[in-house]
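Protein sequence lines, in the order shown, are assigned to chains A and B. Counting from 1, position 262 in the first sequence corresponds to residue 262 in our numbering; the numbering is continuous, with no gaps. Quick note, our numbering runs 1000 ahead of the 1-based positions in the second sequence. Every residue, glycine too, gets a C-beta built ideally from N, C-alpha and C. Since this is a predicted model, take the numbers as computed values, not measurements. Single-structure report; data block below.
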Amino acid sequence: MRLSRGERIFQVVNYVLLILITLVFIVPLITVVATSFVSQEEYARRGALILFPESPDIEAYKLLLARGSIVLHAYGITFLRVGVGTFLNLLLTTTLAFVLSRRELPGRVPLTFFVFFTMLFSGGLIPMFVLYDRLGLLNSFWAMITNNLVNPWYLLIMRTFFMQFPRELEEAAAIDGAGPARVLWQIVLPLSKPSIATIGLFYAVWHWNAWFDAAIFIRDWDKMPMQVILRGILTQGMIQDPNSPIEADILPPAPTLRAAMIVISTVPILLVYPFLQKYFVRGALVGSLKG
Amino acid sequence: MSLPATPRSAVSSPLPRARSASSPTRSSRLVRSLRRNYFYYLLALPGLLYFLVFEYGPIVLGVMIAFKDISPFDGFEGVISEPYVGFANFQRFFDSYYFWNVLSNTLIISALKLAFGFPAPIILALMINEVRNTLFKRTVQTISYMPHFLSMVIVAGLVMSVLTTEGGLVNQVVVYAGGEPHAYLTDPAFFRWILVGTTVWQTVGWGTILYLAAMANIDPQLYEAAVIDGANRWQQMRTITLPSISFVIILLLIFQIGNLLNAGFEQILLLYSPSVYSVSDIIDTYVYRSGLLEMEYSFATAVGLFKAVLAMVLILIANAVARRFGHTGIW
């Protein structure tokens, strides 16, 4: 089919605009990557905003990721947080969602309301802080785990998913003598793997990116996750770590260090990005359309 | 498929039967049902305990702290033993200069973000939907979704590095164009727009997902009929695509009402500074500063509670309106 002149103009304008919009998304990221490779010498000569460093310099990365460095340690904390946190998130979310999906369970309606009321109303920051203080969770790794341990929104998504299961399947298993534990373990869970994976990724990315809870609850440097260290480096320049004195003769310029730190904390997300995108898109659709 | 009658021995049936044929007294029914379903209640216990302790705990504590006069030195015992002071903390907030300042900042920033952040993904989705080349389409989508996965700390870091006077992208361009470098991030005239721009940048791509899904469900015959009637692409977009997704648009807009008091706490906290407090201090940042930095526990809790009540009313309104439009609401 031949396009009319108007249609061709429409198409060209649309493509050009979309290319410009796409550039707005990636140019800041590209400049950060480029800046992270600028050496002190080149910075003094040309400034920090260089798209193509003449002699890419990895001094900033060497410094940030030196053995025993605080950044590396914080990286470990973050991985631990993502692992332990996501596991417990999924464990509690799945079990509670499974129970609340049983249509004939006595007390299901009030229990469901008990959970979803928390989407409507919350006590706020200070009472939470007082509670964490009382429970001894201040300056503890577990403060980052108990915060948002069960996301009511994800719980709702999962419950809706469980409720859509054909009942015949479970009834048949029950007739064959399978108890509720076996029904959950051998029928419901295997069939729900993709949904659980999606919700798990939601939780994992949340843990990876979480900053505020750690910033207010954690005080010791050696317990802080990467986002807090990243924030420290972005706002105060280099973090002075008493345990590992800086050995480099010439410090990389501050913008280079900041950029390198951003790259370091973003690379893992980018590595799993295609995977994330696939599952997240599906999760976003399930969560919003079937609510 | 017909099922045989469930045998009476199916005590551990995964589908508990609430009512049995005989109906003894209430309490013995309760005992029986608990016994039959104990596995489910046990399974739900950890999750329910979390909500009890970590969600309802702060609600109960919050109501106590807000109506008392608690400082960090009173300890947890003080929260229990101190006398109630009525609405004194709320009164102090309503009478203070900050009340109108933080309330108006919250609503203005929220409204600006809605005014620009809401239509942006619709427009982008319409544009992406017109692309016929699959590879190009997918590339645009992949790149535009990316900011959704970046932490707020990183996004704030990007904003700072783009706007810095020490060789930031924007100032480099300004200087190149013959202007003077300017500290945009600490200028009250620019700050709210920086917030709005950052939000649009971070959310517009991701926001297209629902709209694109809705557009993919439109019957292609509609377009074919329109082409036969001589409609061009622009007219097709206006008369077919847009009306077909109007339901999704209206619904998402309604749910934004419930979110009106959330102007973006972390984003503002990470980007603002005392020089822009006058235009950027929202309820949440004010609670954070007065509570955790100035240690005014009771006052800050009262401010937070004020927001929580208002937010609940907004969510309920949003839900009621959504029901009117034939949706099942959030729950």
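Alpha helix (DSSP H) segment containing residue 1172 (chain B), residue limits: 1169-1176
Any C-beta of chain A under 8 angstroms from that of residue 1076 (chain B): yes
Spatial distance of residue 1055 (chain B) from residue 118 (chain A) (CA atoms): 7 angstroms
Residues of its chain near residue 233 (chain A), where Cβ-Cβ distance is below 7 angstroms and the 5 sequence neighbours each way are ignored: 239, 257, 258 and 261
Under 9 angstroms by beta carbon: chain B residues contacting residue 211 (chain A): 1151, 1152, 1153, 1266 and 1270
Residue range of the alpha helix (DSSP H) that includes residue 206 (chain A): 193-209
Burial state of residue 1258 (chain B), where buried means 16 or more other Cβ atoms lie within 10 Å: buried
Chain-ordered neighbours of residue 1027 (chain B) on chain A, where CB pairs are closer than 7 angstroms: Within chain A, no residue comes near residue 1027 (chain B); the closest Cβ sits about 13 angstroms away, beyond 7 angstroms.
Member of A:140, A:162 and A:147 whose CA lies at the smallest distance from the CA of residue 320 (chain A): An answer regarding residue 320 (chain A) cannot be provided, because it is not within the stretch 1 to 291 covered by chain A.
Contact set for residue 1249 (chain B): own chain, Cβ-Cβ below 6 angstroms, skip 5 residues either direction: none
Supposed contact pair residue 1287 (chain B) and residue 1313 (chain B) - C-beta distance, whole angstroms, cut 8 angstroms: Actually they are not in contact, since the Cβ atoms of residue 1313 (chain B) and residue 1287 (chain B) sit about 18 angstroms apart, beyond 8 angstroms.
Straight-line Cα distance separating residue 1147 (chain B) from residue 1203 (chain B): 7 angstroms
C-alpha gap between residue 280 (chain A) and residue 201 (chain A), whole angstroms: 8 angstroms
Any chain A beta carbon closer than 8 angstroms to residue 1289 (chain B): no
Contact the segment 152-172 of chain A vs the segment 184-191 of chain A: 3+ CB pairs below 8 angstroms: yes
Nearest to residue 152 (chain A) (by Cα), restricted to the options B:1284, B:1321, B:1095 and B:1050: B:1050
Short CB-CB distance (under 8 angstroms) between residue 1232 (chain B) and chain D: The chain labelled as chain D is not found among the protein chains of the depicted structure, namely A and B.
Coil, strand or helix - residue 1076 (chain B) by DSSP: helix
Euclidean distance between Cα positions of residue 58 (chain A) and residue 123 (chain A): 47 angstroms
Cα-Cα separation, residue 1111 (chain B) to residue 1262 (chain B): 10 angstroms
Test: residue 128 (chain A) CB closer than 8 angstroms to a CB of chain B: yes
Under 9 angstroms by beta carbon: chain A residues contacting residue 1301 (chain B): 123, 124, 125, 126, 127 and 130
Extent of the continuous alpha helix (DSSP H) run through residue 1286 (chain B): 1283-1288
Backbone secondary structure at residue 54 (chain A) - three-state DSSP: coil
Residue 1297 (chain B) and residue 1109 (chain B) closer than 8 angstroms at C-beta: no
Own chain partners of residue 228 (chain A) with C-beta closer than 6 angstroms, once the 5 adjacent residues on each side are dropped: 214 and 215
Cβ-heavy atom distance, residue 1069 (chain B) to the ligand SAM, below 7 angstroms: In the structure shown, the ligand SAM is absent, as is every other ligand, since no ligand is present at all.
Amino acids of chain A, ordered along the chain, whose beta-carbon sits closer than 8 angstroms to that of residue 1044 (chain B): 95, 96, 99, 100 and 111
Per-residue burial, residue 284 (chain A) [other beta carbons within 10 Å of its own, 16 or more giving buried]: buried
Residue 233 (chain A), DSSP secondary structure in three states: helix
CB contact check: residue 1058 (chain B) to chain A, cutoff 8 angstroms: yes
Coarse secondary structure for residue 142 (chain A), derived from DSSP in three states: coil
Cβ neighbour criterion (16 or more within 10 Å) applied to residue 1337 (chain B): Summary: the structure shown does not reach residue 1337 (chain B), with chain B confined to residues 1001 through 1331, and so no result is reported for it.
Residue 1084 (chain B) - DSSP class collapsed to helix/strand/coil: coil
Short CB-CB distance (under 8 angstroms) between residue 267 (chain A) and chain B: no
Rounded separation between residue 1316 (chain B) and residue 1116 (chain B) - CA only: 24 angstroms
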